[in-house]
Structures are given as structure tokens and as C-alpha cells.
Amino acid sequence: MAITALPGCVPAPPKASAPPAAPTSAPQPRPALAPAPPPPANWRDAAQTPGEWTYASNGTASGATFGNGQFIVQCDAGRTITLLRAGQPTSGPVAMSIATSAGVRPLAATSTPRGAVVTMSARDSSLDWMAFSRGRFAVIVTGQPTLYLPSWTEISRVIEDCR
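Here it is in C-alpha cells:
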């Protein structure tokens, strides 16, 4: 009987080892973040200048004022329209441009103690460009920050008062 028990004492054959793990690659560094986009080159994409239009009339003249007087569109008794971009006076003529969805209109402004001023006929087509621009227009004056203004009805009302 002792001989029959011996084969049960033999150790089991070794199990086949698991295949070696596939080599892992080192973690790849994340790609660098792209730099922030530059400010919009197109005036239509720029943020609107903070403020609102207000309209006022005294019977002989009317005007639309944006914000705290940053830009004024005024009709006087002589049926002319004055555009005023408030700011520091400079010496000599000042370049002003009005950019609208219809185009850009360069204007020769005069420097006054209140800012750059342009006086024009109430029939000037650039006034219609401002009034009917798609949502906004820009006022660009040399040496001043550009204003990005909404094209609200106050502007149209002043123009119509003058016509």
C-alpha cells in the first residue's frame, strides 16, 4: 500500500507562465494650447462700445447722443447734420471715418475743444449708411479709440428731422 501512495506525492508540473506583457510606451506630452486669437480685424466682429442712444428735441434742433456724449448726431435749424466724436482736441484737421455695412466713408473733421466735428448736408448718403447699417457701425477718429455703435432708430429720427 505504501507504494501506491507515492505517485500522489509527486508535485504537479509547473503551469505555463503568462505571455510577457506588451511593452508600454511612455505617455505622450499633451500638445501645447493654441494662443488666444488676436482681437478682431473686422469692425463687425468687435465688441459693441458700452452705452445707449438717447434722443432729444427742442423744436428747432434735435440730436441723438450715445453713452455719456462719446458720439453725437445733431440736426440744427439750418438743416445741417453735425457729427461729434468727443475727445481731446488736436491741432489742425482730423481724419474721421464712418464704417457701415454699405462701406467706409472718410470725412475731414475739425478739431474743437469738445472733440472731432464734421458738418454735412442732411442729404448726405453716408447718413443713410449709418441709419441702415446692419446692426452697427464704427466711428474711427485718428488718435481716439474706435467706437462700435448700434444702429438704432434715434439716428434715423435725427436725420429725418433735418430733411
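Residues in the sequence shown are numbered from 1 upward in steps of one, following full-length UniProt numbering.
Beta carbons: idealized from backbone N, C-alpha and C, even for Gly.
Beta-carbon separation (whole angstroms), residue i vs residue j, contact threshold 8 angstroms
| i | j | result |
| --- | --- | --- |
| residue 102 | residue 133 | 7 angstroms |
| residue 43 | residue 138 | 4 angstroms |
Cα-Cα separation between residue i and residue j, rounded to whole angstroms
| i | j | result |
| --- | --- | --- |
| residue 158 | residue 51 | 18 angstroms |
| residue 114 | residue 89 | 7 angstroms |
| residue 149 | residue 46 | 10 angstroms |
| residue 38 | residue 104 | Summary for residue 38: the model assigns pLDDT 46, below 50, so the residue's position carries little reliability; its value from the coordinates is reported in the next sentence. Near 23 angstroms, if we compare the C-alpha coordinates of residue 104 and residue 38. |
| residue 48 | residue 147 | 8 angstroms |
| residue 31 | residue 41 | Low per-residue confidence applies at residue 31: pLDDT is 49, beneath 50, and the placement is therefore not dependable, though the value from the model is reported in the following sentence. Those two C-alpha atoms are separated by around 27 angstroms. |
| residue 163 | residue 85 | 22 angstroms |
| residue 59 | residue 72 | 18 angstroms |
| residue 68 | residue 57 | 17 angstroms |
| residue 55 | residue 140 | 22 angstroms |
| residue 87 | residue 125 | 25 angstroms |
Spatially closest choice to residue i from the options, by CA coordinates
| i | options | result |
| --- | --- | --- |
| residue 93 | 142, 146 and 43 | 142 |
| residue 160 | 140, 149 and 127 | 127 |
| residue 70 | 83, 122 and 58 | 83 |
| residue 66 | 162, 136 and 46 | 136 |
| residue 118 | 45, 107 and 146 | 107 |
| residue 116 | 144, 129, 124 and 125 | 144 |
Beta-carbon proximity list for residue i, same chain, < 8 angstroms, skipping 5 on both sides
| i | result |
| --- | --- |
| residue 61 | 74, 75, 76 and 77 |
| residue 91 | 111 |
| residue 123 | 163 |
7 angstroms CB neighbourhood of residue i in its chain, flanking five on each side removed
| i | result |
| --- | --- |
| residue 121 | 80 |
Cβ shell of residue i (< 6 angstroms), same chain only, five flanking positions each side left out
| i | result |
| --- | --- |
| residue 53 | 64, 66, 152 and 154 |
| residue 129 | 100 and 102 |
Check: residue i C-beta below 7 angstroms from any heavy atom of the ligand PLP
| i | result |
| --- | --- |
| residue 80 | By its list of ligands, the structure shown contains no ligand whatsoever, and the ligand PLP lies outside what it can speak to. |
| Inter-stretch contact at 8 angstroms, needing at least 3 Cβ pairs: the stretch 92 to 104 / the stretch 152 to 162 | Too few Cβ pairs lie closer than 8 angstroms, so no.
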